[in-house]
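To keep things clear, I will list the structure first and then write my remarks on it.
Number of protein chains: 2
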Amino acid sequence: MANNKMMTNTIEDIIALGKAAKQASRKLARLSTEDKNRVLLNLTELLRSEQEDVLTANRLDYQEAKAEGLDESLLDRLLLTGERLNGTADEVQRVSELPDPVGEVIETATMPNGLITSRRRVPLGVVGSIYEARPNVTVDIFGLCLKSGNACILRGGKETIRSNEALVTLLRKALSDAGVTEDAVQFVDNPDRALVDAMLKMDDYIDLLVPRGGASLVRFVAENAAMPAVTGGIGVCHTYVDRSADLKMAVEIVHNAKVRRPSICNALDTVLIHSEVAAEGLPLIAKVLTASGVELHCDNRTLSILGPDAPVTAIPANEDDWGKEFLSLTAAVRVVDSLDEALEHIETYGSGHSEAIITEDDAAATRFLDEVDAAAVYVNASTQFTDGGQFGLGAEVGISTQKFHARGPMGLKELTSYKWVIVGKGQIRP
Amino acid sequence: MANNKMMTNTIEDIIALGKAAKQASRKLARLSTEDKNRVLLNLTELLRSEQEDVLTANRLDYQEAKAEGLDESLLDRLLLTGERLNGTADEVQRVSELPDPVGEVIETATMPNGLITSRRRVPLGVVGSIYEARPNVTVDIFGLCLKSGNACILRGGKETIRSNEALVTLLRKALSDAGVTEDAVQFVDNPDRALVDAMLKMDDYIDLLVPRGGASLVRFVAENAAMPAVTGGIGVCHTYVDRSADLKMAVEIVHNAKVRRPSICNALDTVLIHSEVAAEGLPLIAKVLTASGVELHCDNRTLSILGPDAPVTAIPANEDDWGKEFLSLTAAVRVVDSLDEALEHIETYGSGHSEAIITEDDAAATRFLDEVDAAAVYVNASTQFTDGGQFGLGAEVGISTQKFHARGPMGLKELTSYKWVIVGKGQIRP
Chain A
460 MANNKMMTNT IEDIIALGKA AKQASRKLAR LSTEDKNRVL LNLTELLRSE
510 QEDVLTANRL DYQEAKAEGL DESLLDRLLL TGERLNGTAD EVQRVSELPD
560 PVGEVIETAT MPNGLITSRR RVPLGVVGSI YEARPNVTVD IFGLCLKSGN
610 ACILRGGKET IRSNEALVTL LRKALSDAGV TEDAVQFVDN PDRALVDAML
660 KMDDYIDLLV PRGGASLVRF VAENAAMPAV TGGIGVCHTY VDRSADLKMA
710 VEIVHNAKVR RPSICNALDT VLIHSEVAAE GLPLIAKVLT ASGVELHCDN
760 RTLSILGPDA PVTAIPANED DWGKEFLSLT AAVRVVDSLD EALEHIETYG
810 SGHSEAIITE DDAAATRFLD EVDAAAVYVN ASTQFTDGGQ FGLGAEVGIS
860 TQKFHARGPM GLKELTSYKW VIVGKGQIRP
Chain B
460 MANNKMMTNT IEDIIALGKA AKQASRKLAR LSTEDKNRVL LNLTELLRSE
510 QEDVLTANRL DYQEAKAEGL DESLLDRLLL TGERLNGTAD EVQRVSELPD
560 PVGEVIETAT MPNGLITSRR RVPLGVVGSI YEARPNVTVD IFGLCLKSGN
610 ACILRGGKET IRSNEALVTL LRKALSDAGV TEDAVQFVDN PDRALVDAML
660 KMDDYIDLLV PRGGASLVRF VAENAAMPAV TGGIGVCHTY VDRSADLKMA
710 VEIVHNAKVR RPSICNALDT VLIHSEVAAE GLPLIAKVLT ASGVELHCDN
760 RTLSILGPDA PVTAIPANED DWGKEFLSLT AAVRVVDSLD EALEHIETYG
810 SGHSEAIITE DDAAATRFLD EVDAAAVYVN ASTQFTDGGQ FGLGAEVGIS
860 TQKFHARGPM GLKELTSYKW VIVGKGQIRP
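Encoded structure:
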């Protein structure tokens with residue numbers, strides 16, 4: 460498998476992939492829920508029973524990446540194991556259990572002239588994804604696209620190309636065993652960047668682009684794509700500890716929001732704390748964060764409250780620390796004198812991803828929820844909950860921080876559009 | 460008024476407009492329904508009672524445009540009269556009566572861990588509009604933006620700049636009389652194209668661009684805007700007369716879809732008719748269309764059915780006639796041998812706007828509704844119904860033919876996004 464020769468060599472080739480995907484998307488739009496679920500259950504089975512080729516291909520990717528000096532965290536994201544493949548299989552099975560969004564009647568009404576109007580949910584068409592490192596994205600995106608009736612074009616990172624190729628072989632087998640066109644998935648098996656540039660201009664064939672990766676990839680796609688692209692996955696997330704906060708709750712939430720998984724976009728970056736509770740709250744927060752290895756970048760008031768002898772890792776913050784997505788065991792900390800000051804800080808430095816207030820004061824909670832302009836706003840909970848699964852969507856292709864089309868976690872419904880269906884009995888417009 | 464000197468002279472000026480709009484949008488997002496309706500009712504009143512300055516300005520625009528040789532249909536679109544202003548006032552009043560979309564809870568759920576999640580409707584922020592000729596667009600866009608909590612930046616055509624300036628004076632007065640910031644509306648009073656180019660790059664300040672005008676304007680905006688833009692307003696619309704059609708109904712619908720208003724985007728461009736009913740149906744259709752001054756561009760089968768001596772205006776179609784948006788009293792006509800052939804024709808030549816089937820056969824209707832990929836699909840009704848008012852939205856900023864965010868007529872809800880609101884009691888993510 461890993462020795463197959465590269466097949467997508469020219470821009471003509473990738474345009475051919477686009478045409479094939481568009482063609483397939485017309486069939487997928489009308490595929491029954493049963494057929495879609497059959498593909499997903501086939502895939503679940505294959506991911507559990509036919510792991511050998513995938514693991515072999517992944518071993519080659521891993522060894523090459525290691526030899527090239529890829530860092531440990533990237534190597535870990537690249538690595539597949541039997542257990543990880545079983546986990547991916549479980550996710551595909553869960554997608555098969557989700558309700559089919561296609562065909563849902565969103566709303567219907569009878570007009571005064573007797574016309575019956577309704578909006579009916581339809582797939583977007585073709586979803587392209589450009590992603591890095593993690594080969595399980597190949598399976599995730601395919602599963603969500605198929606269930607929502609979309610074809611997909613996958614362009615993974617060059618460091619996982621053998622793993623992705625082996626996984627795509629399973630995707631194709633799952634499709635053909637269910638009698639569904641293999642063209643439902645298109646795979647760009649040549650890592651040439653020129654092909655990515657070509658893909659970004661294929662708005663005749665790709666209806667939505669989903670970049671999955673670091674900030675620079677997301678920005679590059681947003682700036683260069685001719686078709687709509689999901690902007691997101693970048694979170695500068697604040698937790699504001701209000702003067703009325705339950706401090707024990709605040710400590711637990713701040714710790715969870717930072718430490719549970721520091722490398723994901725919904726992880727806490729900055730703690731804001733009201734000056735009235737800073738003297739009591741900050742030492743408690745600093746202690747649990749330090750115990751988990753977090754380095755604190757603090758404003759002067761925080762430093763003076765913690766004191767020079769505190770058993771915590773705290774250094775002075777510089778201006779760059781506000782508005783930084785750390786993605787690591789680092790957090791910025793600042794004392795504010797009011798809810799207004801917290802709101803202003805979040806407006807200035809936030810990225811519109813996930814923001815939380817810890818408070819027992821309903822009026823403060825209401826203002827925070829109303830006034831913070833972000834995809835997800837929380838009262839008394841950890842921002843790490845921003846996730847399609849946690850929000851009841853079952854799964855997600857990504858998290859949008861834009862306001863157009865979809866905001867926050869994007870699940871099956873967010874991969875659809877709608878059409879207006881109008882049924883008349885001969886009505887003409889006066 | 461019309462002699463005011465131009466104010467927006469430089470790119471810095473237009474960026475300042477953007478900043479002011481963004482600033483205002485934060486206040487508008489939290490404006491009460493009452494305050495918004497007060498602005499709209501003030502405006503209704505002003506449009507009825509203070510017409511003099513607007514009509515004077517419009518007369519100057521009209522005379523200048525006439526002197527410059529603008530064609531009759533454009534001159535007519537440019538012209539304001541007391542009656543037309545009263546009509547615009549009525550529309551603003553209707554918008555004041557529509558439900559406020561902002562704050563609506565779209566869906567809510569309690570997660571197994573007790574978190575209460577909901578999606579709450581919020582404004583997009585700042586809507587920019589670039590439009591031509593018709594000065595009433597100035598008022599329409601403002602009214603819909605204000606009611607949906609959005610600030611707007613208006614850039615009308617240079618041929619109506621005095622009229623727009625006078626109208627914007629009324630908009631500002633309606634705002635300030637209600638105690639609402641006048642920055643809710645920003646007006647680009649310099650017709651320099653360089654300022655449009657700058658506007659297209661202001662994605663920090665403009666959340667959505669709505670081009671209103673011809674195909675070349677829409678395409679220019681879509682290709683050059685850094686922010687999301689509505690693609691639409693271009694309709695190559697088909698009406699397919701099935702073999703089971705009620706031919707009397709077919710004649711009435713085809714006539715209405717073409718003739719009622721031939722210059723709008725939902726007007727019929729091509730008639731497709733099944734060969735089994737062509738001999739009976741085509742002469743009837745050709746007769747009523749000809750009687751209304753429509754020129755028919757026909758395929759050979761249609762011409763041979765109509766015969767050389769038919770009292771109709773029919774000439775041979777050329778390849779360009781299929782897929783053409785005529786916007787005039789011209790229609791293309793073609794005979795097809797099956798529903799499949801009709802579907803294929805529409806897929807090849809349609810623009811995804813409005814498509815209709817005339818049939819008494821439920822199976823044919825179902826296939827047409829399922830398989831045609833367009834913003835609006837009809838059974839037994841005129842495509843001229845594609846309109847926000849006719850679909851029960853109350854009003855529209857435009858008609859989208861894209862699948863992302865909104866498809867078909869865009870009303871108040873389509874000018875909104877949502878935020879996820881999560882209320883917890885100290886939940887942390889395991």
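Taken in sequence, the protein lines are chains A and B. Note that the first sequence covers residues 460 to 889 in this note's numbering. Note that the second sequence covers residues 460 to 889 in this note's numbering. We put the beta carbon where it would ideally sit given N, CA and C, even for glycine. Fair warning: this is a prediction, and the values are worked out from it, not measured in the lab.
Query: Start-to-end residues for the beta strand (DSSP E) that takes in B:Q645; Result: 644-646
Query: Among A:S876, A:W879, A:L871, A:V882, nearest to A:L557 - alpha-carbon criterion; Result: A:L871
Query: Straight-line gap, B:T860 to A:K878 (C-alpha atoms, nearest Å); Result: 10 Å
Query: According to DSSP, residues forming a beta bridge with B:A791; Result: B:T729, B:H756
Query: A:A716 CB to nearest heavy atom of the ligand GTP below 7 Å; Result: The ligand GTP is absent from the structure shown, which contains no ligand whatsoever.
Query: Environment of A:P889 [buried if 16+ CB atoms lie within 10 Å]; Result: exposed
Query: Coil, strand or helix - A:Q861 by DSSP; Result: coil
Query: Contacts that B:V838 makes with chain A (C-beta to C-beta distance below 8 Å); Result: I881, V882, G883
Query: Cβ neighbours of B:A488 in the same chain (closer than 6 Å, five flanking residues each side left out); Result: P582, G608
Query: Interfacial residues, the region 851-875 of chain B to chain A, with Cβ spacing under 9 Å; Result: G851, Q861, K862, F863, H864, A865, R866, G867, P868, T875
Query: Collapsed DSSP secondary structure at A:M869 in the structure displayed; Result: strand
Query: Sub-8 Å separation of B:V836 and B:E814 beta-carbons; Result: yes
Query: Contact set between A:A684 and chain B, taken where Cβ atoms lie within less than 9 Å; Result: Neighbours of A:A684 on chain B: none; closest Cβ ~11 Å, over 9 Å.
Query: Alpha helix (DSSP H) segment containing A:E591, residue limits; Result: From DSSP, A:E591 is part of no alpha helix (DSSP H); its letter is neither H nor E.
Query: For A:S532, three-class secondary structure by DSSP; Result: helix
Query: Cβ-based burial, B:L539 [other Cβ within 10 Å; buried from 16]; Result: buried
Query: Closer than 8 Å at the beta carbon, the chain A residues around B:M661; Result: Per Cβ cutoff of 8 Å: no residues; B:M661 is ~14 Å from chain A at best.
Query: DSSP-derived helix/strand/coil call for A:E814; Result: strand
Query: Proximal chain A residues relative to B:E819, where beta-carbon distance stays under 7 Å; Result: The contacting residues do not exist; B:E819 stays about 10 Å from chain A at best.
Query: Proximal residues to B:K660 (C-beta, below 7 Å), its chain only, five neighbours per side dropped; Result: A685
Query: Alpha-carbon to alpha-carbon, B:D636 and B:K495; Result: 12 Å
Query: B:L668 - containing beta strand (DSSP E), residue span; Result: 667-671
Query: Contact with chain A by B:T576, beta-carbon distance below 8 Å; Result: yes
Query: Option nearest A:A479 by Cα separation, candidates A:V644, A:A516, A:T469, A:N545; Result: A:V644
Query: Contact check, B:L755 vs B:A790, beta carbons under 8 Å; Result: yes
Query: Chain-ordered chain A contacts of B:L534 [CB-CB under 8 Å]; Result: Within 8 Å Cβ-Cβ: nothing; B:L534 doesn't reach chain A, min ~26 Å.
Query: Chain B within 8 Å of A:E556, Cβ atoms only; Result: no
Query: Bounding residues of the alpha helix (DSSP H) (the contiguous stretch that carries B:G615); Result: Segment: none, B:G615 is in no alpha helix (DSSP H) and carries neither H nor E.
Query: Local Cβ density within 10 Å of A:Q510, reported as buried at 16 or more and exposed below that; Result: buried
Query: Neighbour flag for A:N715 against chain B, beta carbons, 8 Å; Result: yes
Query: Start and end residues, beta strand (DSSP E) containing A:N839; Result: 835-840
Query: Neighbourhood of A:L748 by C-beta distance below 8 Å, restricted to the same chain and skipping five residues each side; Result: V713, H714, K717, V718, L755, V771, A790
Query: Close beta carbons around B:V792, own chain, < 6 Å, minus the five adjacent residues each side; Result: V730, L755, C757, T761
Query: C-beta neighbour in chain B for A:Q849, strict 8 Å; Result: yes
Query: Neighbour list for A:M708 in chain B, Cβ cutoff strictly below 7 Å; Result: G885
Query: Cβ-based neighbour list, B:P560, same chain, cut-off 7 Å, excluding 5 preceding and 5 following; Result: R580, S607, L871, K872, T875
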